[in-house]
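In the numbering used here, the protein residues as written are 217 to 853.
Okay, so here's the structure we're looking at.
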């Protein structure tokens, strides 16, 4: 019998036995006797009576086992022209010292710490220092605007905020201190302290209750690891929901550690001592799982890259890093490779570097479109592996599994479900869809270790958002199908959360910002296809009667407004002023119809529409503005 079906079947039919075996991959302070339990809403909880500390498992343990002088982090920052190798022993010393600094400020087990930092080693140190104390960290991507940072501070109620003085975007220095000051002024919650790592590129003036990173660490006594229960939270990571309120995904400690340790071998085919390069950001789940925690739990070296796939300084940046650090497995988002392909379609930069150390290339964060897959597959002599997962799951749901059994790849498919994930496709009636029939992709409970255990401060939202649609199943929010060979194809979101360059963003939240402009009467924000970024948001706006400032002025104001309140990560750059929007008789805007128009698809006019001529009007406006593919097909069939 083939290995994968056998292992997968065991993981689904005997989950406790399967995960008890995988739990042996990590060092426990007290091994669990109870592998799986259920909470009061019948959601699985893993290793509840076990005790561990994730910082101990990733750092102290490996130093004790003789890996102290091995590189833990290769930091490469072309934007500051800095490179640094940090060994496991050095990282442990820095983490213990900073944990002591946090302890000195009163941070204890269960307290929250918000981290607002760019891709510098101190970000990793801060995350591990929180884990060392049993504190719960919440990392906020450095590109987020004050309004977004304030919302997360309000929700997490941190005791301390940890930040850098700036981030660097290409050649531009982005000062963080003014953003933090504004966010703290906006948030009703006031942390006890703010610690700032001052970078050479941007100095700061310290106010009351603000501390310099270096000074704090120099005066601190190194902290020891605090044992935590397996189900104690490790971090809260915010993701966009379909409402404006951020949704704090809660991740447990032991289940996450076991899942990551398993995935490093089964999915990423890595051995201790190998080098893993994940081109992401510590503000995203990919950065948490496969820059910060997964590689070091497995005894690997991780590449921490402060740069872009292109223009820092060129389209050969990734290939340079693979050669320099002898990278074994490399992981990035499709949008990064589309940017490289755009600047270097013939891969002339690749020819300058020796990437023979590379064994596998992994792509995730959004659907890997077949043209990009084929470009990479033709270019490289290693398997190109598309895999699918979410912030909520914390690690891959479906993938090719070279660490278990390599399989033929299919363009557009994430291959097969990962052991532990009972993935099914359900039709609208909640029945299992036939092969090739599209439906809602769901995961039958129990969810495996590593997945979210709740929404911070809102247990009802956890159930209503993920578990209520199909009782007994976790709703991924994605649509897709299985083919006749059991390969899973994910076709896109089933709600109004769009995927911009791998970042999930809520169109509802953007509508709230756009609609808040005093000259806007009504609006809709939709995601349209983009060859580079996957999707881009487009705003359709009806001005209030009497508006006289002109369309260009309104468009510029709305773009600036979204940039200020959500951040440049939204890529909100297109606004169309229209007289009316297609609606049902009950007043509901037909957003799916608008998306289909923008993407050049055939559009059937629903019987519930209030005014069919509004479709033609909007279509003409989209064509005039060259939105998506709107000029490629007639507006409706």
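Ideal placement from N, C-alpha and C gives every residue a C-beta, glycine not left out.
Expected contact under 8 Å - CB spacing of residue 613 and residue 223 to nearest Å
Contact doesn't hold; Cβ gap of about 16 Å is too wide.
Can you list, in chain order, the residues of its chain whose CB lies under 6 Å from that of residue 584, leaving out five sequence neighbours each side?
550 and 602
Close Cβ partners of residue 765 (< 6 Å) along its chain, the five nearest in sequence each way excluded:
Excluding sequence neighbours, residue 765 sits near nothing in its chain.
Assuming contact is defined by CB atoms lying nearer than 8 Å, are residue 381 and residue 433 in contact in what I supplied?
Cβ atoms of residue 381 and residue 433: not closer than 8 Å.
Assuming the contact rule is C-beta atoms closer than 8 Å, residue 563 and residue 534 should be a hit. Round their C-beta distance to whole Å, please.
Not quite, the Cβ-Cβ distance comes to about 11 Å (not below 8 Å), so this is no contact.
Note down the Cα distance separating residue 733 from residue 837, rounded to an integer number of angstroms.
21 Å
I want to know whether the segment 311 to 321 touches the segment 512 to 519 - three or more CB-CB distances under 8 Å.
no
If you measure between the beta carbons of residue 785 and residue 234, is that distance less than 8 Å?
no
Locate the beta strand (DSSP E) running through residue 314, then write down its first and last residues.
Run containing residue 314: none in the beta strand (DSSP E); it sits in the alpha helix (DSSP H), 304 to 320.
Just to confirm before moving on: does the CB-CB distance between residue 397 and residue 425 stay below 8 Å?
no
Sequence-distant residues of its chain with Cβ nearer than 6 Å to residue 274 (five each side left out):
512 and 513
Over what stretch of residues does the alpha helix (DSSP H) that includes residue 234 continue unbroken?
Here the alpha helix (DSSP H) through residue 234 covers 231 to 238.
Residue 327, buried or exposed, once every other Cβ within 10 Å from all chains shown has been counted against 16:
buried
Apart from the five residues on each side of it in sequence, which residues of its chain come closer than 8 Å, Cβ to Cβ, to residue 853?
Reliability of the predicted coordinates at residue 853 is poor, the pLDDT of 44 falling under 50, and the value obtained from them is presented with this limitation in mind. Closer than 8 Å at Cβ, skipping near neighbours: 818, 819 and 820.
State the DSSP-derived secondary structure class of residue 467, mapped to helix, strand or coil.
In the structure shown, residue 467 sits in a strand (DSSP, three-state: E or B).
8 Å contact criterion, which residue 797 and residue 758 should meet: CB distance rounded
7 Å
Simplified DSSP state of residue 751, which is helix, strand or coil:
strand
Near residue 778, what residues of its chain come up, given a Cβ to Cβ distance below 7 Å and the 5 sequence neighbours on each side ignored?
726, 729, 730, 786 and 788
Please go through the same chain and pick out, in chain order, the residues whose beta-carbon is closer than 8 Å to the beta-carbon of residue 490, but skip the five residues on each side of it.
516, 517, 544 and 545
In whole angstroms, what is the alpha-carbon distance linking residue 400 and residue 420?
16 Å
Would residue 308 and residue 276 qualify as a contact pair, given that the criterion is a beta-carbon distance under 8 Å?
yes
Does the structure place the segment 261 to 273 close enough to the segment 495 to 507 that three or more beta carbon pairs sit under 8 Å?
Output reads no: the segment 261 to 273 does not touch the segment 495 to 507.
Whole angstroms are fine: how far does the CA of residue 653 sit from the CA of residue 333?
44 Å
Entirely within the segment 669 to 715 and at least 3 residues each: give me those beta strand (DSSP E) ranges in chain order.
689 to 698 and 704 to 709
Range of the contiguous beta strand (DSSP E) that encloses residue 746
736 to 746
Could you tell me the boundaries of the alpha helix (DSSP H) in which residue 811 lies?
807 to 814
Going by CA-CA distance only, name the one from 681, 278 and 251 that's closest to residue 236.
251
Of the residues 447, 611 and 642, the one placed nearest residue 547, counting alpha carbons only:
Relative to residue 547, the option among 447, 611 and 642 whose CA is nearest is 611.
Have a look at residue 459 and residue 670 and give me their C-alpha separation to the nearest angstrom.
Model confidence at residue 459 stands at a pLDDT of 47, short of 50, so the residue's coordinates are unreliable and nothing is read from them.
If you draw a straight line from the C-alpha of residue 447 to the C-alpha of residue 255, how long is it?
11 Å
Comparing alpha-carbon positions, which option in 633, 677 and 674 lies nearest residue 660?
633
Would you report the Cα separation of residue 721 and residue 741, rounded to the nearest angstrom?
11 Å
Buried or exposed for residue 280, going by 16 or more other Cβ atoms inside 10 Å?
exposed
Inter-residue Cα distance where the pair is residue 597 and residue 355:
36 Å
Does DSSP classify residue 543 as helix, strand or coil?
Coil, per DSSP.
Is there contact here, the segment 674 to 691 with the segment 639 to 653, by at least three beta-carbon pairs under 8 Å?
Counting Cβ pairs under 8 Å, three or more are found: they touch.
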